[in-house]
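Note sheet for the following structure.
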Amino acid sequence: MHNPNLTTVETDVVIIGAGASGLFCAMTAGKRGRKVLVLDHANKAGKKILMSGGGRCNFTNYDIENRHYLSQNPHFCKSALSRYLNWDFIGLVNQHGIAYQEKDNGQLFCENSANDILQMLLNECEQNHVKISLKTQINQITAQADNQGFHITTDKMTVTCQSLVIATGGLSIPTMGATGFGYQVAEQFGHTIVPTSAGLVPFTFTDKLGEAFKTLAGTSLDIIAFNDKASFALPILFTHRGLSGPACLQLSNYWQMGEPIFINLFAQQNMADFLLKHKKSHPKQLIRTVIHNNFDLPKKLVNTLQNFIFDKFSDIELANIKDETLQNIGKTLNAWQLKPSGTEGYRTAEITRGGVDTSHISSKTMQSQLQPNLYFIGEVLDVTGWLGGYNFQWAWASGFVAGEVV
Numbered sequence: 502m503h504n505p506n507l508t509t510v511e512t513d514v515v516i517i518g519a520g521a522s523g524l525f526c527a528m529t530a531g532k533r534g535r536k537v538l539v540l541d542h543a544n545k546a547g548k549k550i551l552m553s554g555g556g557r558c559n560f561t562n563y564d565i566e567n568r569h570y571l572s573q574n575p576h577f578c579k580s581a582l583s584r585y586l587n588w589d590f591i592g593l594v595n596q597h598g599i600a601y602q603e604k605d606n607g608q609l610f611c612e613n614s615a616n617d618i619l620q621m622l623l624n625e626c627e628q629n630h631v632k633i634s635l636k637t638q639i640n641q642i643t644a645q646a647d648n649q650g651f652h653i654t655t656d657k658m659t660v661t662c663q664s665l666v667i668a669t670g671g672l673s674i675p676t677m678g679a680t681g682f683g684y685q686v687a688e689q690f691g692h693t694i695v696p697t698s699a700g701l702v703p704f705t706f707t708d709k710l711g712e713a714f715k716t717l718a719g720t721s722l723d724i725i726a727f728n729d730k731a732s733f734a735l736p737i738l739f740t741h742r743g744l745s746g747p748a749c750l751q752l753s754n755y756w757q758m759g760e761p762i763f764i765n766l767f768a769q770q771n772m773a774d775f776l777l778k779h780k781k782s783h784p785k786q787l788i789r790t791v792i793h794n795n796f797d798l799p800k801k802l803v804n805t806l807q808n809f810i811f812d813k814f815s816d817i818e819l820a821n822i823k824d825e826t827l828q829n830i831g832k833t834l835n836a837w838q839l840k841p842s843g844t845e846g847y848r849t850a851e852i853t854r855g856g857v858d859t860s861h862i863s864s865k866t867m868q869s870q871l872q873p874n875l876y877f878i879g880e881v882l883d884v885t886g887w888l889g890g891y892n893f894q895w896a897w898a899s900g901f902v903a904g905e906v907v
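For the sequence shown, the residue numbers in this note's numbering are 502 to 907.
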């Protein structure tokens with residue numbers, strides 16, 4: 502419905518979403534002299550940037566390769582990532598005098614606060630005359646006749662533009678205002694959505710295992726978490742609800758409901774061989790004693806392993822356990838099969854898996870192949886990065902390549 506009381510604004514580019522990819526696209530298009538308007542329903546730009554990386558914003562990684570991304574089309578992300586590099590963004594950060602530090606595995610964080618990155622993006626937008634309209638609800642989007650752009654009705658104004666960019670993000674962290682709006686726009690113009698689910702998210706356990714993990718809450722150790730699709734040698738964290746920490750968050754991107762995951766708590770040691778060796782050298786010892794004396798594991802965790810893996814043999818000396826049995830116990834200790842009841846869901850997920858199917862999107866410009874002058878960038882697309890700054894790098898790169906052409 503056209504409300505005659507609303508002012509009409511004409512602009513070159515409208516970007517819906519004032520997050521990482523939207524702001525980056527806006528400043529890039531602004532640098533080309535394009536007249537840009539960013540619309541967002543939130544009361545503040547870049548809310549997820551501010552909370553990311555524990556408030557320090559893990560803004561990119563020294564090691565960016567397409568293998569760090571999941572998508573139904575694993576090649577889709579290559580073009581944008583090769584045209585706007587992590588080094589380009591690091592250069593921008595340096596130019597703005599933002600102090601940063603490297604943490605594990607090439608991850609780069611702000612030394613002070615994520616607000617440094619947000620202010621940098623907002624300053625760049627301001628310098629390039631980008632207008633940002635917050636607390637703005639979008640009621641309707643229609644394509645104008647002869648593909649001459651779009652007409653957008655909001656609760657504050659009506660806008661006509663030549664190019665429309667959807668940078669609305671995914672469904673993760675709804676308390677930050679995440680919605681499925683971008684997917685609705687995609688479907689309106691004929692795009693299909695790869696089914697979405699929570700990614701980079703802790704696993705939950707509701708059974709006896711969950712009870713055991715509760716008693717271990719707060720314990721963190723280096724392990725290998727794996728399944729038949731991926732493997733991560735990183736820290737794990739036991740929580741009141743199950744398992745978290747980088748190893749589990751990474752693995753969650755490769756997990757589907759109902760599937761098992763495997764945990765190797767003894768990454769440096771073949772436990773089958775280890776137990777057999779100890780049977781010869783310390784025949785009178787118990788399995789738990791051997792583990793306790795040789796590995797730096799909390800006593801509670803050793804007890805949990807005993808309860809779930811070698812309960813029948815808890816008080817039997819090594820000498821009285823068959824070699825084959827010890828080998829099987831050892832193999833299980835190196836690949837403890839666990840079946841999560843689920844994940845903590847979008848509430849705590851750092852990213853949304855799935856999204857707008859990339860098969861009808863240009864990988865070079867992010868333009869829709871079904872609707873001229875319509876673009877999709879960032880997390881709304883079916884491109885999901887690993888933990889460690891990869892999703893931000895995708896936001897910058899996809900925002901950049903669209904910003905160069907809108």
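We put the beta carbon where it would ideally sit given N, CA and C, even for glycine.
Query: Leaving out five residues before and five after T512 in sequence, what residues of the same chain have Cβ atoms less than 6 Å from its Cβ?; Result: K536, L538 and C662
Query: Taking just the CA atoms, how far does N574 sit from K823?; Result: 49 Å
Query: Across which residues does DSSP place E511 in a beta bridge pair?; Result: T661
Query: To the nearest angstrom, how far is the alpha carbon of E566 from that of T885?; Result: 13 Å
Query: Using the Cα positions of K781 and Q807, report the straight-line distance between them to the nearest angstrom.; Result: 21 Å
Query: Please list the terminal residues of the continuous alpha helix (DSSP H) segment that includes G531.; Result: A521 to K532
Query: Do N835 and A773 have their C-beta atoms within less than 9 Å of each other?; Result: yes
Query: Quick check on the DSSP output: what are the complete alpha helix (DSSP H) runs of length 4 or more inside the stretch 640 to 694, in order along the chain?; Result: 682 to 689
Query: On the DSSP bridge list, what partners appear for C611?; Result: Y601
Query: Where does W897 land, buried or exposed, given buried means 16+ other C-beta within 10 angstroms?; Result: buried
Query: Taking the DSSP output, what are the residues bridged to S860?; Result: In the DSSP output, where bridge partners are listed per residue, S860 has none listed.
Query: Buried or exposed: which applies to H741, given that a residue is buried once 16 or more other Cβ atoms fall within 10 Å of its Cβ?; Result: exposed
Query: Taking only the alpha-carbon atoms, compute the straight-line gap between C490 and G531 and give it to the nearest angstrom.; Result: Missing from the structure shown is residue 490; the chain here goes from 502 to 907 and no further.
Query: Can you give me the Cβ contacts of F706 inside the same chain, cut-off strictly under 7 Å, excluding the 5 residues immediately before and after it?; Result: F714, G743, P841 and S842
Query: Are T654 and L507 close, meaning C-beta to C-beta below 9 Å?; Result: yes
Query: For V510 and L701, I'd like the C-alpha separation in whole angstroms.; Result: 39 Å
Query: When we look at the beta-carbon of T561 and count the other beta-carbons within 10 Å, is it buried (16 or more) or exposed?; Result: buried
Query: Can you give the Cα-Cα distance for R533 and E905, rounded to whole angstroms?; Result: 8 Å
Query: In this structure, how does DSSP classify V702 when only helix, strand and coil are distinguished?; Result: coil
Query: Using three-state DSSP, classify Y891 as helix, strand or coil.; Result: helix
Query: Less than 8 Å between C-beta atoms, sequence neighbours within five positions excluded: which residues of the same chain meet that for N624?; Result: H597
Query: If I measure Cβ to Cβ from D883 and keep anything under 7 Å in the same chain, skipping five residues before and after, which residues do I get?; Result: S572, Q573, V695, G855, G856, V857, D858 and T859
Query: For the beta strand (DSSP E) that contains L787, what are its first and last residues?; Result: That residue, L787, is in no beta strand (DSSP E); it is neither H nor E in DSSP.
Query: So what does T561 bridge to, in DSSP terms?; Result: L609
Query: Whose C-alpha, out of I517, S899, G889 and L586, is nearest the C-alpha of G746?; Result: G889
Query: Assuming contact is defined by CB atoms lying nearer than 9 Å, are L717 and P799 in contact in what I supplied?; Result: yes
Query: Could you tell me which whole beta strand (DSSP E) segments of length 3 or greater appear in the stretch 730 to 770?; Result: 732 to 739, 743 to 745 and 762 to 765
Query: The ligand ADP and S634: does the residue's C-beta get closer than 8 Å to at least one heavy atom of that ligand?; Result: As for the ligand ADP, it is missing from this structure, which has no ligand bound.
Query: Which of helix, strand or coil does DSSP assign to D883?; Result: coil
Query: Flag this pair as touching only if the stretch 539 to 556 and the stretch 608 to 621 have three or more C-beta atom pairs under 8 Å; answer yes or no.; Result: yes
Query: Just to confirm, is the Cβ distance from K784 to E818 under 9 Å?; Result: Contrary to the premise, residue 784 reads as Pro rather than Lys in this sequence. In contact: P784 and E818 (Cβ atoms closer than 9 Å).
Query: Thinking just about the alpha-carbon of each residue, which of I591, V515, D708 and Q838 is nearest to the one in V660?; Result: V515
Query: Is the separation between the beta-carbon of A543 and that of G678 shorter than 9 Å?; Result: yes
Query: Per DSSP, L839 forms a beta bridge with which residues?; Result: I762
Query: From the DSSP secondary-structure annotation, give me the bridge partner or partners of Q828.; Result: Paired residues: none, contrary to the question.
Query: Quick check on K778: buried or exposed, where buried means 16 or more other Cβ atoms within 10 Å of its Cβ?; Result: exposed
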